[in-house]
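Novice: Residue numbers (the numbering used here): 10 to 249. Each residue gets a CB set at the ideal place from its N, CA and C atoms; glycine is no exception. The structure displayed is predicted, hence computed values, not measured ones. For reference, the structure I am asking about is given below.
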Amino acid sequence: MILGFIYSVMITQLDFTQLFANLGDFTEILVKMCSPDWGYLDKITNPLLETIKMSILGTLIGSVIAFPYALLVSQNIVKNKIVTGVFRFILNIIRTIPNLLLGAIFVAIIGIGAVTGVFALAVFTFGMVSKLFYEAIETIDEGPIEALTAVGASKMQIIRYGVLPQVMSYYISYVLYAFEINVRSSTILGYIGAGGIGLFLERSLSMYRYDRVGLIVLVTFIVILVIDEISNRSREALTK
10 MILGFIYSVM ITQLDFTQLF ANLGDFTEIL VKMCSPDWGY LDKITNPLLE TIKMSILGTL
70 IGSVIAFPYA LLVSQNIVKN KIVTGVFRFI LNIIRTIPNL LLGAIFVAII GIGAVTGVFA
130 LAVFTFGMVS KLFYEAIETI DEGPIEALTA VGASKMQIIR YGVLPQVMSY YISYVLYAFE
190 INVRSSTILG YIGAGGIGLF LERSLSMYRY DRVGLIVLVT FIVILVIDEI SNRSREALTK
């Protein structure tokens with residue numbers, strides 16, 4: 010890791026002196042951000058709620074699609090390796106596309122607005138939850154599946170009685186985790202035109218209104234903190 014770090018510094022020609030030379034500008038911006046423009050709070054309340062709604066819808070749509078898809082790519086459920094291989098290949102392609110690129114693609118297709126953010130978050134959620142969920146499915150106890158198969162149970166009955174009881178708590182936990190990430194991501198997506206409070210963040214930065222930027226960062230931080238706490242407690246309750 011040390012050799013890799015040194016080699017990366019040499020390739021990128023990273024100049025640490027330039028970083029510290031501009032430290033004064035950073036301090037000046039930080040001071041302005043520490044004096045939030047509280048009068049701007051009324052204007053960002055609705056965009057903040059829109060950001061949360063985007064996260065909820067994107068998480069819901071993506072996780073609902075991910076549920077059956079994860080079953081299709083689980084090799085202990087679908088024995089045909091060609092089928093699982095093709096679906097896993099598609100999943101890997103989707104997972105390699107970063108959030109910002111997804112947002113830019115949907116902005117070009119749909120246009121600026123919250124709907125764009127919902128689709129981008131849905132695709133991201135689908136990729137992440139599918140990956141985590143099918144890995145959880147493949148680690149379950151095979152005993153119930155073998156017993157149900159021995160008595161002539163259908164594939165749907167095996168999934169319902171042998172698979173889902175073992176993995177549903179994991180699935181819900183992954184969905185909550187995806188929701189946490191989406192609340193953060195939706196702010197950045199809004200910055201490129203995908204709706205929400207990120208659009209107001211971009212405007213404030215372009216106008217050098219760092220007092221408004223400080224307010225947006227503070228409000229977003231509080232909302233994310235509350236959501237994280239609720240999500241963590243929910244996951245803890247599921248694992249008990």
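1. Ends of the alpha helix (DSSP H) at G126?
2. Grouping DSSP H, G and I as helix and E and B as strand, with all else coil, what is I86?
3. Within 10 angstroms of the Cβ of P45, are there 16 or more other Cβ atoms? Answer buried if so, exposed if not.
4. Return the residue from the list T158, N108, R169 that minimises the CA-CA distance to S194.
5. Between V92 and the rest of its own chain, which residues show a CB-CB distance below 8 Å, the 5 nearest in sequence each way excluded?
6. Identify whether Q22 lies in helix, strand or coil by the three-state DSSP scheme.
7. If the criterion is Cβ atoms closer than 8 Å, does the pair G126 and G71 meet it?
8. Tell me the residue span of the alpha helix (DSSP H) that contains M63.
9. Please report the straight-line C-alpha distance between I225 and F35, rounded to a whole angstrom.
10. Taking Cβ to Cβ, would you say R104 is nearer than 8 Å to G136?
11. If you follow the alpha helix (DSSP H) that E211 is part of, which residue opens it and which one closes it?
12. Tell me whether F29 is buried or exposed, calling it buried when 16 or more other Cβ atoms sit within 10 Å of its Cβ.
13. By a C-beta neighbour count over all protein chains shown, 10 Å radius and 16 as the cutoff for buried, is R221 buried or exposed?
14. From L185 to Y16, what distance separates their C-alpha atoms?
15. If we count the other Cβ atoms within 10 Å of its Cβ and call it buried at 16 or more, is Y217 buried or exposed?
16. Find out if the Cβ-Cβ distance for the pair I190, V172 is shorter than 8 Å.
17. How would you write the range of the alpha helix (DSSP H) that D34 sits in, first residue to last?
18. What is the rounded straight-line gap between the Cα of N85 and the Cα of E147?
19. For S83, which residues in the same chain have their Cβ closer than 7 Å to its Cβ, ignoring the five residues on either side in sequence?
20. Round the Cβ separation of G112 and I53 to the nearest angstrom and send it over; I've been treating them as touching at under 8 Å.
21. Would you mind giving the Cβ-Cβ distance between A75 and S139, rounded to the nearest angstrom? I have them listed as a contact below 8 Å.
22. For E211, I'd like the list of residues in its chain whose CB is within less than 6 Å of its CB, leaving aside the five on either flank, ordered along the chain.
23. Find the nearest neighbour of L209 within the set V228, P56, I11, A79, judged by alpha-carbon distance.
24. Alpha carbons only, please: which of L198, I149, T196 is nearest the one belonging to I177?
Specialist: On the basis of the data shown:
1. 123-146
2. coil
3. buried
4. Ranking the options by Cα distance to S194, first place goes to N108.
5. L81
6. coil
7. In this structure, the beta-carbon distance from G126 to G71 does not fall below 8 Å.
8. For M63, the uninterrupted alpha helix (DSSP H) run begins and ends at 50-81, by DSSP.
9. 18 Å
10. yes
11. Counting along the chain, the alpha helix (DSSP H) containing E211 begins and ends at 206-215.
12. exposed
13. buried
14. 39 Å
15. Its Cβ having fewer than 16 others within 10 Å, Y217 is exposed.
16. no
17. 32-42
18. 6 Å
19. Y143, I146, E147
20. Between I53 and G112 the Cβ distance is about 20 Å, and since that is not below 8 Å, they are no contact.
21. 4 Å
22. Residues Y200 of the same chain have their beta carbon placed closer than 6 Å to that of E211, with the five preceding and five following residues left out of the count.
23. According to the sequence displayed, residue 209 carries Phe and not Leu. For the residues V228, P56, I11, A79, the minimum Cα distance to F209 belongs to P56.
24. Note on identity: in this sequence residue 177 is Met, with Ile being the wrong assignment. Taking only the C-alpha atoms, the option nearest M177 is I149.
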